[in-house]
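Worksheet for the structure shown next.
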Amino acid sequence: MEIDPQRLAELGARLRRLREDRAETQINVAQAVGLHRTYLGRLEAGKKNITVGVLYRLADHFGVAAATLLPD
């Protein structure tokens, strides 16, 4: 099943906004949650699907509920 590209873009925008609000770099966040920086960059750009595990690791890192990252 294909994921709506608009939803991926919104999820990516939410990730980027959280990261920038905390003045963190992609490298810092990626290292903190065990990802490669380019993977995080592709998530933020809405070009990559996210796994449930990565969703929870990012939510924990930012101190938000996983649902906060997901578009309606």
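For the sequence shown, UniProt numbering assigns the number 1 to the initial residue and increments by one for each residue that follows. From the three backbone atoms N, C-alpha and C, an ideal C-beta is built for every residue, glycine too.
- Three or more Cβ pairs drawn from the region 54–71 and the region 6–17 lie within less than 8 Å of each other, which places the two stretches in contact.
- Distance between Ala65 and Leu11, taken at the CA atoms: about 13 Å.
- Within the UniProt domain "HTH cro/C1-type" (15–69), no complete beta strand (DSSP E) segment of 3 residues or longer occurs.
- Put simply, of Leu69, Val52, Ile3 the residue whose alpha carbon is nearest the alpha carbon of Glu44 is Leu69.
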